[in-house]
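Asks: When the letters of the sequence shown are read in order and numbered with this note's numbering, they come out as residues 11 to 245.
Here a beta-carbon is modelled for each residue, glycine too, at the ideal position from N, C-alpha and C.
Since the model is a prediction, treat every value here as computed from it, not as a measurement.
What follows is a structure written as structure tokens; I'll ask about it next.
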Amino acid sequence: MSDSQEKWRTTFNDLMTLLMVFFVLLFSLGGMSKGNEARFLNKLQSGLGVLKEGNMTAVGVVEPIFGVPTEDREQLEVMAKAWEMERHLEGLVGELNAAVQGSTGSLSKDIEGILTPEGMRVRVGGDLMFASGEAELSAEAKRILGSLGDFLNSISNDIVVEGHTDNVPIMKKRFPSNWELSVARATNVVRYLVEIGISPKRLAAVGYGETRPLYPNDTEEHKAKNRRVEILILK
11 MSDSQEKWRT TFNDLMTLLM VFFVLLFSLG GMSKGNEARF LNKLQSGLGV LKEGNMTAVG
71 VVEPIFGVPT EDREQLEVMA KAWEMERHLE GLVGELNAAV QGSTGSLSKD IEGILTPEGM
131 RVRVGGDLMF ASGEAELSAE AKRILGSLGD FLNSISNDIV VEGHTDNVPI MKKRFPSNWE
191 LSVARATNVV RYLVEIGISP KRLAAVGYGE TRPLYPNDTE EHKAKNRRVE ILILK
């Protein structure tokens with residue numbers, strides 16, 4: 011291979027590397043604040059040796075991406091990994107919804123997977139899982155959790171199970187308030203997930219009572235939607 015061909019190949023490879031980084035930046039910069047974005051672009055510009063107006067000196071070959079300062083290169087790698095995780099979670103949402111649709115049939119409308127800043131949330135209506143004012147899992151709850159078991163075992167992310175209630179006071183001896191009820195419900199879900207093979211090291215249970223409603227507790231329909239269990243699959 012001649013010297014001119016070798017130089018052409020080297021230049022082409024450098025160009026492809028820079029284009030790859032450019033597209034990663036396009037996807038990643040949207041999540042940065044304006045101030046951080048400006049500071050990062052200024053650093054990146056100086057690191058890549060981009061010429062400023064009025065200083066158009068001749069340049070042979072563009073410095074490769076490995077010439078970027080270590081701090082900026084690490085930030086690029088972090089942004090690229092975050093973007094990959096976002097795409098991965100979006101794929102998991104699709105897989106989950108397909109699994110639920112296939113295994114629970116008509117109940118799939120009461121179970122949904124949604125993408126959030128923390129990770130992916132699997133939201134299940136509380137009335138499917140428990141009798142009113144109780145924390146014991148129903149047969150339907152076990153069937154639903156069983157349908158999720160293979161999916162949860164196929165990934166390695168940590169999992170937080172959240173219990174949520176409406177604002178109707180409970181005032182039972184066992185559950186003096188909705189706090190205790192929501193914690194007991196979340197704990198029982200965690201226990202069952204362990205029974206079906208999910209590692210306890212990946213699991214945590216949290217009860218929020220009535221403090222995080224999805225809707226105002228102004229109708230029976232809204233109250234029913236607020237009574238729920240959410241399984242948060244962390245990033």
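Check for me: the beta strand (DSSP E) holding E172 runs from which residue to which?
Replies: Translated into positions along the sequence shown, residue 172 becomes position 162. Run containing E172: I169 to H174, per the beta strand (DSSP E) assignment.
Asks: How is T114 classed by DSSP in three states: helix, strand or coil?
Replies: Looking up residue 114 in the sequence shown gives position 104. Because the pLDDT of T114 is 49, which lies under 50, any placement of that residue in the model is unreliable, and the number read from its coordinates should be weighed accordingly. Helix, per DSSP.
Asks: Looking at the unbroken alpha helix (DSSP H) that takes in E240, where does it start and where does it end?
Replies: Mapped onto the sequence shown, residue 240 falls at position 230. Run containing E240: none in the alpha helix (DSSP H); it sits in the beta strand (DSSP E), R238 to L244.
Asks: With a threshold of 16 other CB atoms inside 10 Å of the CB of M181, please say whether the residue is buried or exposed.
Replies: In the sequence shown, counting from the first residue as 1, residue 181 sits at position 171. Looking at its Cβ environment, which holds fewer than 16 other Cβ atoms inside 10 Å, M181 is exposed.
Asks: Mind reading off the beta-carbon distance from I243 to I169? Whole number of angstroms is fine, and I expect it under 8 Å.
Replies: As a first step, residue 243 is located in the sequence shown; it is residue number 233 there, counting from the start. As a first step, residue 169 is located in the sequence shown; it is residue number 159 there, counting from the start. That belief holds up - the Cβ atoms of I243 and I169 are roughly 6 Å apart, short of 8 Å.
Asks: Quickly, what does DSSP pair A215 with across the bridge? List them, please.
Replies: Start at 1 with the first residue of the sequence shown, and residue 215 comes out as number 205. Answer is V171, bridged to A215.
Asks: Report yes if the C-beta distance between W189 and G219 is below 9 Å; otherwise report no.
Replies: Within the sequence shown, the letter at position 179 stands for residue 189. Within the sequence shown, the letter at position 209 stands for residue 219. Against a cut-off of 9 Å, the Cβ pair of G219 and W189 comes out as a contact.
Asks: Express the C-alpha separation of D160 and K152 in angstroms, rounding to a whole number.
Replies: If you number the sequence shown from 1, residue 152 lands on position 142. If you number the sequence shown from 1, residue 160 lands on position 150. Computed Cα separation, rounded: 13 Å.
Asks: Rounding to the nearest angstrom, what Cα-Cα distance links L86 and R131 in this structure?
Replies: Stepping through the sequence shown from its first residue, residue 86 is reached at position 76. Stepping through the sequence shown from its first residue, residue 131 is reached at position 121. Looking at the two C-alpha atoms, the distance is approximately 28 Å.
Asks: In whole angstroms, give me the CA-to-CA distance for E150 and R222.
Replies: Counting from one through the sequence shown, the residue named residue 150 turns up at place 140. Counting from one through the sequence shown, the residue named residue 222 turns up at place 212. Cα-Cα distance, rounded: 25 Å.
Asks: Distance check for G129 and L147, CA to CA, integer angstroms please.
Replies: Here the question's residue 147 lines up with position 137 in the sequence shown. Here the question's residue 129 lines up with position 119 in the sequence shown. Whole-angstrom Cα-Cα distance: 25 Å.
Asks: Between the Cα of A141 and the Cα atoms of N167, R195 and P127, which residue gives the shortest distance?
Replies: Here residue 141 corresponds to residue number 131 of the sequence shown, with the count starting at 1. Ranking N167, R195 and P127 by Cα distance to A141 puts R195 first.
Asks: Would you mind reading off the limits of the alpha helix (DSSP H) that contains R222?
Replies: Residue numbering aside, residue 222 sits at position 212 when the sequence shown is read from its first letter. Careful: R222 lies outside any alpha helix (DSSP H) and carries neither H nor E.
Asks: I believe V171 touches I121 by the beta-carbon criterion, under 8 Å. Please report the beta-carbon distance rounded to the nearest angstrom.
Replies: Within the sequence shown, the letter at position 161 stands for residue 171. Within the sequence shown, the letter at position 111 stands for residue 121. Not really, about 14 Å apart at Cβ, beyond 8 Å.
Asks: Alpha carbon to alpha carbon, how far is T126 from Y225? Give it in angstroms, no decimals.
Replies: As a position in the sequence shown, residue 225 is number 215, starting the count at 1. As a position in the sequence shown, residue 126 is number 116, starting the count at 1. Rounded to the nearest angstrom, the two C-alpha atoms are 18 Å apart.
Asks: For V72, which three-state DSSP category applies?
Replies: Stepping through the sequence shown from its first residue, residue 72 is reached at position 62. With a pLDDT of 45 at V72, under the threshold of 50, the predicted position of this residue should be treated as unreliable, though the coordinate-derived value follows. Looking at V72 - three-state DSSP - the assignment turns out to be coil, as it is neither helix nor strand.
Asks: Tell me the residue span of the beta strand (DSSP E) that contains I124.
Replies: As a working mapping, residue 124 is identified with position 114 in the sequence shown. It spans I121 to T126 - the beta strand (DSSP E) in which I124 sits, taken as one unbroken run.
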